[in-house]
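**Q** I have a structure I would like to understand better, so I am pasting it below and will then ask my questions one at a time.
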Ligand SMILES: NC(=O)c1ccc[n+]([C@@H]2O[C@H](COP(=O)([O-])OP(=O)(O)OC[C@H]3O[C@@H](n4cnc5c(N)ncnc54)[C@H](O)[C@@H]3O)[C@@H](O)[C@H]2O)c1
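In the working numbering, the protein residues as written are 569 to 818.
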């Protein structure tokens with residue numbers, strides 16, 4: 569896929585799909601920059617992938633995001649790919665969503681994606697090339713019961729993707745999103761524990777709502793991210809790619 573020596577900054581790289589992306593891009597020969605707020609897990613992934621020191625902080629702050637891109641460029645001279653995997657979920661209907669929940673959701677999922685993408689696009693514009701892959705969701709396109717703030721945040725990520733794609737198409741920057749369905753990550757399992765439900769019961773319940781009858785493994789989403797990020801997708805921008813085993817085809 570031509571990833572050798574490409575410089576890739578991945579947010580949310582300490583866990584779940586971000587970590588799967590870090591492993592896959594590193595295995596493809598890319599230079600990976602790990603960004604996450606979880607210091608201990610970031611260090612583990614950095615060691616496992618041979619990445620340099622992880623950049624630990626909160627993507628909902630624009631100065632942290634500007635600094636993360638500047639550090640990647642200082643380290644490797646350029647930034648070819650940004651993957652925005654950092655995200656959180658609030659499992660509540662409107663009645664049970666507090667002001668703080670609502671704001672936290674928008675700060676991380678929407679502002680975090682926007683601040684990182686803006687910082688990356690400024691650098692990519694100077695280079696005349698670059699690729700951004702955001703993490704949307706099935707619930708950015710169709711609604712999930714009891715997740716109003718999350719659905720709103722992912723709908724916004726979808727529109728950031730499209731709007732930046734058309735704004736920067738002539739700067740040589742492609743902007744796309746993967747829209748996963750149910751994926752077996754700590755985020756999904758935590759949803760079970762909150763109910764409370766065992767990990768196995770939560771995964772089994774998620775299996776039943778997916779047309780293919782099983783949840784995804786994080787690596788299955790990472791492969792779609794790698795495709796969109798790579799030159800194999802050179803004519804693809806502004807796309808929201810469902811990687812959902814048919815969930816949104818119903
Ligand atoms: N798991 C699913 O079923 C599913 C489905 C569709 C979309 N998604 C989306 O995929 C992305 C990855 O989710 P996952 O399931 O791998 O989750 P995860 O909880 O396993 O990993 C998310 C990572 O993001 C980091 N993070 C969270 N907030 C941050 C912040 N403010 N600053 C920096 N890092 C932060 C966490 O520390 C964690 O390492 C998220 O955007 C999520 O909304 C997940």
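We put the beta carbon where it would ideally sit given N, CA and C, even for glycine. It should be emphasised that the depicted structure is a prediction, and the values quoted were computed from it without experimental measurement.
I'd like to check one pair, residue 577 with residue 603: are the Cβ atoms closer than 8 Å?
**A** Result yes, Cβ atoms of residue 603 and residue 577 sit closer than 8 Å.
**Q** Would the beta-carbon of residue 775 be found less than 7 Å away from any heavy atom of ligand 1?
**A** False, no ligand heavy atom lies under 7 Å from that Cβ.
**Q** Let's see if you can read the secondary structure: which residues bound the alpha helix (DSSP H) around residue 686?
**A** Note, residue 686: alpha helix (DSSP H), 680-695.
**Q** Considering only residues of the same chain and omitting the five flanking positions on each side of residue 723, which have a CB-CB separation below 6 Å?
**A** 708, listed in sequence order.
**Q** Can you tell me which of 733, 618, 750 and 616 puts its alpha carbon nearest to the alpha carbon of residue 806?
**A** Considering only alpha carbons, the answer is 733.
**Q** Which residue's Cα is closest to the Cα of residue 727: 689, 678, 673 and 688?
**A** For residue 727, the nearest C-alpha among the options comes from 678.
**Q** Can you find a heavy atom of ligand 1 that lies under 7 Å from the Cβ of residue 760?
**A** No, ligand 1 has no heavy atom inside 7 Å of this Cβ.
**Q** Distance, Cα to Cα, residue 766 vs residue 643?
**A** Straight-line Cα distance between these residues: approximately 43 Å.
**Q** May I have the straight-line CA-CA distance separating residue 762 from residue 769, to the nearest angstrom?
**A** Taking the straight line joining both Cα atoms gives about 12 Å.
**Q** In chain order, what are the residue ranges of uninterrupted alpha helix (DSSP H) at least 4 long that sit wholly in the stretch 734-789?
**A** Taking only runs of at least 4 residues, the alpha helix (DSSP H) segments lying wholly in the stretch 734-789 are 754-761 and 767-776.
**Q** With 16 other CB atoms within 10 Å as the buried threshold, where does residue 661 fall?
**A** By the neighbour-count rule (16 or more Cβ atoms within 10 Å), residue 661 is not buried but exposed.
**Q** For residue 709, which of helix, strand or coil comes out of DSSP?
**A** Note: residue 709 maps to helix in three-state DSSP.
**Q** Identify whether residue 804 lies in helix, strand or coil by the three-state DSSP scheme.
**A** In this structure, residue 804 counts as coil in the three-state DSSP scheme.
**Q** Would you report the Cα separation of residue 797 and residue 620, rounded to the nearest angstrom?
**A** Residue 797 and residue 620: Cα-Cα distance of roughly 21 Å.
**Q** Quick one: is the Cβ of residue 578 within less than 7 Å of any heavy atom of ligand 1?
**A** No; taking the cut-off as 7 Å, the Cβ of residue 578 has no heavy atom of ligand 1 nearer than that.
**Q** Less than 7 Å separating the Cβ of residue 850 from some heavy atom of ligand 1?
**A** Since the first residue shown for the chain is 569 and the last is 818, residue 850 is missing from the structure and cannot be characterised.
**Q** Around the C-beta of residue 691, are 16 or more other C-beta atoms found within 10 angstroms, so that it is buried, or is it exposed?
**A** With 16 or more other Cβ atoms within 10 Å, it is buried.
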